[in-house]
Amino acid sequence: MNLPGKKVLVTGAAGTLGSHVVRELLTRGAQPVAHARAESDTDTLDRLGIEKRLADLRDGPALCRAAEGIDAIIHSAAWVDFRADRLTQFAGINTMGAVLMFEAARRAGVPRFVHVSSVGAVGARSRKDAPAGARDMDPVNENQQFNLDHLRIPYIMTKRAAERELLAAAAHAGSPSLVIVNPSIILSGATGGPGNLRIHRHFRRLWLPDFPNLVNIVDVRDVAAGVVAALEHGRPGERYILGGDDIPARELALQVSHVLGRTPHLVRIPRTIIGFAARAAELWCRFAGRSRIGFYPDLVRLLDYDWCFSSAKARAELGYRPRALLISLEDYLSETM
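So the sequence shown is numbered by the numbering used here: it starts at 73 and just counts up by one.
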């Protein structure tokens, strides 16, 4: 798709990734149109001087109006959280919101639709299959058989369901061509921003947990470029993993500590103790009537996997080129607080 002059609707444009996608579209000569909720903070979008269209993702008629006169849609809006409760709300935004937006695109005659999903919807590499020498095994690619369906984690469940529903909808005649992108763990946040402050506070603690897993971290700027490249060059019906460097969680902690100028005290906690603590925390939340459950057994089971991914397909077909992780860490964290 040739972008110059094209009107591209970006859902969730007020969010971190969405706002970067908007800026990337501007650099490519496109005319981004920002979708946001009425209550969203749109100051950044207002400063860019681009058109805004307000609509709730659960309001089908409003989404149809937002899609009118649009040449392509990048659907980046989602509720990103790993809490265990509020499955209905997760499904309403992450799954039904994506389906309603795709239906709005079909009704408006929009020819191209890029859905921003997650590597959580692809699967992960079980550590039981590679207890030693894990770094020598192949990372997960787009052909991975999904192996996380036993985990009751609403975010993963609803992102996976959205892909399934969109692929089924795209098979019908007259539907937009669908391309799916799956970012890994996104690193973002301007220096001094809320995310940066949380990281600084976290690394001021006396000790940090020492996890053995591999994780894949990618810069939000590279994800935004990959998303737009998928709009330009992605093949209909295909998915593309947009990842960065695979790195052991321990090495990640050491790199962050180096950038922050701190000396970490890493402590390896037995997996059984973490699981017991999660069960106790979940029971306490239910007993105390707390609605938010942020630490629970299925979340701990993520430690049974390596989150390592290959972006070879995106590199070959989209020209995707993520920067080195250390560069991103220095950009976001090097200023002392």
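Think of the CB as a built atom: it goes at the ideal place given N, C-alpha and C, for glycine as much as any other residue.
No experiment lies behind these values; they were computed from the predicted model shown.
On the criterion of 16 or more Cβ atoms from any shown chain inside 10 Å, does residue i qualify as buried, or is it exposed?
i    : result
T263 : The predicted position of T263 is uncertain, since its pLDDT is 39 and thus under 50; a value taken from the coordinates is nonetheless stated next. T263 is exposed by the Cβ-count criterion.
F185 : buried
H274 : exposed
V339 : exposed
T83  : buried
R293 : buried
G316 : buried
R276 : exposed
P255 : buried
D221 : exposed
F348 : exposed
T230 : buried
F381 : buried
I271 : buried
Which residues does DSSP list as the beta-bridge partners of residue i?
i    : result
N288 : D318
S198 : Y377
R184 : S249
I446 : Here the chain covers residues 73 to 409 and nothing more, so residue 446 does not appear.
L411 : Lying before the first or after the last residue shown, residue 411 is absent from the chain, which here runs from 73 to 409.
I think residue i touches residue j, with their Cβ atoms under 8 Å apart; what is that distance to the nearest whole Å?
i    : j    : result
E214 : T167 : Rounded, the Cβ-Cβ distance is 21 Å, inconsistent with contact.
A234 : S189 : 7 Å
A156 : P226 : 7 Å
L81  : E304 : Not a contact, Cβ separation roughly 16 Å.
A110 : L129 : Not a contact, Cβ separation roughly 12 Å.
L324 : I289 : 7 Å
L374 : A302 : L374 to A302, Cβ: 26 Å. No contact.
V299 : L405 : 24 Å between Cβ atoms; not a contact.
P248 : A177 : 5 Å
I257 : V287 : 6 Å
From which residue to which residue does the beta strand (DSSP E) around residue i run?
i    : result
E310 : Note, E310: premise wrong, no beta strand (DSSP E); not H, not E.
I122 : Unbroken run through I122: none, as it is neither H nor E.
T83  : K79 to T83
A108 : Q103 to A108
Could you pull the start and end residues of the alpha helix (DSSP H) that residue i belongs to?
i    : result
P226 : P226 to A242
P211 : Neither: P211 is in no alpha helix (DSSP H) and is coded neither H nor E.
Y368 : Per DSSP, Y368 belongs to no alpha helix (DSSP H) and is neither H nor E.
S400 : L397 to L405
S190 : Note, S190: premise wrong, no alpha helix (DSSP H); not H, not E.
R344 : Reading off the sequence shown, one finds Thr at residue 344, where the question assumed Arg. R343 to A360 is the extent of the alpha helix (DSSP H) around T344.
A386 : A384 to L390
L97  : T88 to T99
Is the closest heavy atom of the ligand ZN to the C-beta of residue i under 7 Å?
i    : result
A321 : Ligands in the displayed structure: none, and consequently the ligand ZN is not present.
Checklist entry - Whole alpha helix (DSSP H) runs in the stretch 126-171 with 4 or more residues, listed along the chain? => result You should have 132-138 and 159-162.
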